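Just so we're aligned, residue 205 is where the sequence shown starts under our numbering, counting upward by one.
Step one of this worksheet: look at the structure below.
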Amino acid sequence: MNVKQLQSLAAKHGTPLVIIDHEIIRRNYAAFRKHLPKVQCYYAVKANPAPEIVRTLYKAGASFDVASLPEFMTVYENIRRLPKAKQQDFIWDKIIYANPTKPKETLLALDQYKPLVTFDNLTELEKIRRFAPHAGVVVRLAVSNTGSQCELSNKFGCAPGEAVDLILAAFKLGLVVEGISFHVGSQCTNFQNFVQALNAAAAVMQEARQRGGHEIKILDIGGGFPAPYNEHVKPFSELARVINAEIDRLFDKHIEILAEPGRFLVATAATSVARVIGKAVREGKRCYYIDDSVYHTYSGIIFDHCQYPLKAFRKGKREVCAVFGQTCDGLDVISQSELLPNLEVDDLVYSENIGAYSNASATWFNGFPPAPVVHVNL
Ligand SMILES: Cc1ncc(COP(=O)(O)O)c(C=O)c1O
């Protein structure tokens, strides 16, 4: 999005503002499909659950990873008017409920749709059998998340050594294990995580065949595909080459492969614009206060371990400064070292690549509402 467009949208809508460019989402989706042609792309709705984004990806032909009943319903809105049989086909073919731990109420609500759901322990399996007996199940493996921006294997996934016992237990309970899944950690720039995880999944599939005669049909390679936040992130095409080579080497050509990218599809699609509402000098450093915060669009600083460099529209010699959010909390620090020109109150600043895990986790803290969102190129 060019600077003129940003300025004119901020003038029209005020600040703080999040601008989401749907052309970029379509482009990211097309890039994913091009480089991983054998992989069905399930958008991980949690990265940015805006219904407009879900709609754009639905129209582009995407599938969806949901992790709560409200996320499921956001996707469902798009198929509500389809005939029942078509709805059912869509849910079965194009939605995975990929939160390994689900409240029983959610399972009860989902059972009518015969969903595909993940699990990683026996307690969950027994719960699924009791409250969603029509679900197909996918066992989630814990895999190396080394070097990824956000760790997930600390909380999810069974040890690869336990996986086949769980698969056998599931079949014994009368459930059908459709697949094996993993997540290499979000913003995974260490491609070896994918290599190791694919090898672990292949070994589990082989053991399931040998010990139980069970043929697992689905391989779910999760999310983690890195957004190009900076020049250190290697191109997606390079990661895709590594993944494609391992898939060809390790798996039968009839296996169904799916992935759950979140960040990769939406991170680069959003820009936020905020206004300087105050300035001060603290210990010799210039400090700006802006009308957004880490409780709002910049929540990814806390929850996603992400940084979003700030830029100014005003020209001038840049110096190191701090940028604080609008709330009364000392934690609300957007950056302790940003390079910005000497700004005045009411000047605007903006951050690019802020579409994933950002406004998705914005709160109403301190009475400030989440920034309004404007969608362009819908
Ligand atoms: C199960 C699951 N799938 C997919 C994703 C999306 O990951 P990413 O945004 O790194 O692609 C997440 C993120 O937390 C997840 O928990």
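For every residue, glycine included, the Cβ atom is placed at its ideal position computed from N, Cα and C.
None of the values given here were measured: they were computed from a predicted structure.
For this session: May I ask which residues mark the beginning and end of the beta strand (DSSP E) holding K489?
Result: K489 -> beta strand (DSSP E) spans 489-494.
Problem set entry | DSSP state of K421 mapped onto helix, strand, coil | In the structure shown, the three-state DSSP call for K421 is coil.
Exercise. Quick one: what's got a C-beta closer than 6 Å to D269's C-beta in the same chain, skipping five residues either side?
Worked result: So the qualifying residues of the chain are Y246, A248, I300, A302, E464.
Problem set entry | N- and C-terminal bounds of the alpha helix (DSSP H) containing G365 | Here the alpha helix (DSSP H) through G365 covers 364-376.
Exercise. How about I371 and A412: do their beta carbons lie closer than 7 Å?
Worked result: Closer than 7 Å, so yes.
For this session: Would you mind reading off the limits of the beta strand (DSSP E) that contains V408?
Result: Unbroken run through V408 is the alpha helix (DSSP H), 396-416; no beta strand (DSSP E).
Exercise. Quick one: what's got a C-beta closer than 7 Å to K331's C-beta in the same chain, skipping five residues either side?
Worked result: Excluding residues within five positions, the ones whose Cβ falls inside 7 Å are K308, L311.
For this session: Helix, strand or coil for S212, going by three-state DSSP, please let me know.
Result: In the three-state reduction of the DSSP assignment, S212 falls in the helix class, which pools H, G and I.
Exercise. In the structure shown, what three-state DSSP assignment does S555 receive?
Worked result: In the structure shown, S555 sits in a strand (DSSP, three-state: E or B).
For this session: Using 10 angstroms around the beta-carbon of G426, count the other beta-carbons present and answer buried if the total reaches 16, otherwise exposed.
Result: The residue in question, G426, is buried, as its Cβ has 16 or more Cβ neighbours within 10 Å.
Exercise. Near K298, which residues of its chain fall below 7 Å by C-beta distance, leaving aside the five closest residues on each side in sequence?
Worked result: Listed in chain order, the non-local C-beta contacts of K298 below 7 Å within the same chain comprise S267, F268, local neighbours out to five positions each way being set aside.
Exercise. Do L345 and A374 have their C-beta atoms closer together than 7 Å?
Worked result: Result no, Cβ atoms of L345 and A374 do not sit closer than 7 Å.
Problem set entry | Minimum C-alpha distance to C354 - residue among I506, T260, F528 | Ranking I506, T260, F528 by Cα distance to C354 puts I506 first.
For this session: Determine, using beta-carbon pairs with one atom in the region 324-340 and one in the region 393-410, whether at least three such pairs fall under 8 Å.
Result: Flag = no, the region 324-340 and the region 393-410 do not touch.
Exercise. Hey, quick one: how far does the alpha helix (DSSP H) through L454 stretch, first residue to last?
Worked result: First-last of the alpha helix (DSSP H) with L454: 440-454.
For this session: Answer yes if the region 433-451 comes into contact with the region 474-487, meaning at least three C-beta pairs across the two stretches below 8 Å, and no otherwise.
Result: They do not touch, by the three-pair rule.
Problem set entry | DSSP beta-bridge partners of T310 | Partner(s): none; T310 has no beta bridge.
For this session: Please confirm whether any heavy atom of ligand 1 lies closer than 6 Å to the CB of R237.
Result: No, ligand 1 has no heavy atom inside 6 Å of this Cβ.
Exercise. Which ranges does the alpha helix (DSSP H) cover as unbroken runs of at least 4 residues, wholly within the region 262-331, from first to last along the chain?
Worked result: Taken in chain order, the whole alpha helix (DSSP H) runs of length 4 or more contained in the region 262-331 are 273-280, 288-298, 308-315.
Exercise. Comparing alpha-carbon positions, which option in V347, D369, G383 lies nearest N394?
Worked result: When only C-alpha atoms are compared, the closest one is V347.
Exercise. How many angstroms separate the CA atom of Q291 from the CA atom of F528?
Worked result: Spanning the alpha carbons of Q291 and F528 requires a straight line of approximately 47 Å.
Exercise. Is P465 near ligand 1, judged by its Cβ being under 6 Å from some heavy atom?
Worked result: At least one heavy atom of ligand 1 falls within 6 Å of the beta-carbon of P465.
Problem set entry | Backbone CA spacing between L286 and D324 [nearest angstrom] | L286 and D324: Cα-Cα distance of roughly 33 Å.
Problem set entry | Contacts around G340, its chain only, beta-carbon distance under 6 Å, and the 5 residues preceding and following it disregarded | Closer than 6 Å at the Cβ level, and outside the excluded window around G340, lie L320, V380, E382.
Exercise. Whose CA, out of I223, D315, A215, lies closest to the CA of E556?
Worked result: Comparing Cα-Cα distances from E556 to each of I223, D315, A215, the minimum goes to I223.
Problem set entry | Which of helix, strand or coil DSSP assigns to K238 | Helix.
For this session: Just the C-alpha distance for H445 and V343, rounded to the nearest angstrom, thanks.
Result: In the sequence under discussion, the amino acid at residue 445 is Arg, which differs from the His named in the question. Cα to Cα, R445 sits roughly 26 Å from V343.
Exercise. Is E464 helix, strand or coil by DSSP?
Worked result: Here E464 sits in coil by DSSP.
Exercise. Do you know how far the Cα of E328 is from the Cα of K483?
Worked result: Cα to Cα, K483 sits roughly 52 Å from E328.
Exercise. CB of D551 to nearest heavy atom of ligand 1: below 6 Å?
Worked result: Between ligand 1 and the CB of D551, the shortest heavy atom gap is not smaller than 6 Å.
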